[in-house]
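Novice:
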Amino acid sequence: MGLIPNDEEMISSAMQTSATTNRVSHLKREYTSSGQEKPVCHNLRTDFTKDPRGWAVENTMQDTYDVDQDGVKLILMGPKEYVRLHDAKHMPYNQSPGRGPTLNATNYMLYGRVSARLKTATDGGVITAFILLADGGDEIDFEMIGNDLRSVQTNYFWGKLIEYNVNGAAHQIEGPELDKDFHQYTIDWTPDKIDWIVDGRVIRTKKRSETCDPSGVCKFPSQPSRVQIGIWDGSSKPGTAEWSRGPIDVSQSHTDFLSNC
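For the sequence shown, position 35 matches number 35 in UniProt numbering, and the numbering has no gaps at all.
1) Quick one: using the 10 Å Cβ neighbour count with 16 as the cut-off for buried, is Val-126 buried or exposed?
2) Taking the beta strand (DSSP E) that Trp-232 belongs to, which residues open and close that run?
3) Do Ser-222 and Asp-138 have their C-beta atoms closer together than 8 angstroms?
4) In terms of residue numbering, what span does the beta strand (DSSP E) encompassing Trp-196 cover?
5) Who are the near neighbours of Trp-232 in its chain, counting only those whose CB is closer than 7 angstroms to its CB and skipping five residues on each side?
6) Going by DSSP, which residues form a beta bridge with Glu-143?
7) Using the C-alpha atoms, what's the distance from Leu-103 back to Ala-56?
8) Determine the extent of the beta strand (DSSP E) in which Ala-105 is found, giving its start and end residues.
9) Distance, Cα to Cα, Gly-78 vs Asp-123?
10) Specify the secondary structure class of Asp-70 as computed by DSSP and reduced to three states.
11) When you compare each of Ser-151, Ser-115 and Ala-169 to Phe-157 by their alpha carbons, which one comes out closest?
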């Protein structure tokens with residue numbers, strides 16, 4: 001499979017922008033009378049087969065994605081050295097993780113509706129992630145685990161408080177298996193609730209009021225966030241390797257496909 005040698009070639013081959021469909025609040029340099037930044041709503045759509053501008057990938061990851069007629073192909077590269085280990089409970093994991101790309105939107109959004117069409121990787125240990133992530137730690141996500149191709153996982157985090165196995169949920173998905181065809185994943189985020197939607201069907205709703213403690217503190221994502229889409233290796237920590245149905249057999253190839261966002 002050929003790799004794109006540089007960003008210039010990828011961008012020069014894509015000169016058209018698709019019709020806009022998704023509504024997001026992109027933060028521009030506009031301010032209220034009190035000096036706070038004022039969110040301004042714009043409808044945006046990216047078709048990666050035509051115009052990938054507005055997204056960035058770390059320089060060290062330029063060899064981990066490609067563009068073809070299906071969209072962006074996200075590629076998980078194996079570690080330089082493959083060593084299989086076992087923890088005290090004899091659960092397997094890998095000494096080093098593979099490298100996978102994360103596509104980062106170059107603008108922030110504060111509430112809105114964002115969708116991505118994804119076809120996920122197949123094998124256990126490979127995680128496909130579609131998330132909203134704030135600099136302050138707020139997060140709303142979809143995660144799809146290879147070798148669990150009939151379900152998706154949803155989760156959210158609030159601030160710097162990292163709570164695992166608290167706010168997550170798993171959901172069965174209708175239609176083709178996740179690696180066989182594209183599914184559309186949508187996060188509809190308002191000041192009052194979050195809807196997670198797959199192929200037009202709401203699979204989970206979380207209300208802000210459900211996150212409030214007796215003191216009135218609501219652990220609900222409310223910070224400006226960037227859209228991120230990526231593929232990562234869950235094999236290098238024993239607990240994560242088990243959760244992700246890994247560890248990965250690095251002798252196999254692992255790819256995701258992102259059609260548009």
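In this text, a Cβ means the ideal position worked out from N, Cα and C, and glycines have one as well.
Specialist: Checking against the coordinates, here is how it stands:
1) As a position in the sequence shown, residue 126 is number 126, starting the count at 1. By the neighbour-count rule (16 or more Cβ atoms within 10 Å), Val-126 is buried.
2) If you number the sequence shown from 1, residue 232 lands on position 232. Unbroken beta strand (DSSP E) run through Trp-232: 225-233.
3) If you number the sequence shown from 1, residue 222 lands on position 222. If you number the sequence shown from 1, residue 138 lands on position 138. Against a cut-off of 8 angstroms, the Cβ pair of Asp-138 and Ser-222 comes out as a contact.
4) As a first step, residue 196 is located in the sequence shown; it is residue number 196 there, counting from the start. Start and end: 193-198.
5) In the sequence shown, counting from the first residue as 1, residue 232 sits at position 232. Around Trp-232: Gly-100, Ile-127 and Ala-129.
6) For the purposes of this step, residue 143 is taken as the residue at position 143 of the sequence shown. According to DSSP, which records beta bridges pairwise, Glu-143 is partnered with Ala-129 and Gln-153.
7) Here residue 56 corresponds to residue number 56 of the sequence shown, with the count starting at 1. Here residue 103 corresponds to residue number 103 of the sequence shown, with the count starting at 1. Taking the straight line from one Cα to the other gives about 6 angstroms.
8) On the sequence shown, residue 105 is found 105 positions in, with the first residue counted as 1. Run containing Ala-105: 102-105, per the beta strand (DSSP E) assignment.
9) In the sequence shown, counting from the first residue as 1, residue 78 sits at position 78. In the sequence shown, counting from the first residue as 1, residue 123 sits at position 123. When rounded, the separation of the alpha-carbon atoms in Gly-78 and Asp-123 is 13 angstroms.
10) Here residue 70 refers to the residue found at position 70 when the sequence shown is read from its first residue. Looking at Asp-70 - three-state DSSP - the assignment turns out to be coil, as it is neither helix nor strand.
11) The residue given as residue 157 occupies position 157 in the sequence shown. Out of Ser-151, Ser-115 and Ala-169, Ala-169 has the C-alpha closest to the C-alpha of Phe-157.
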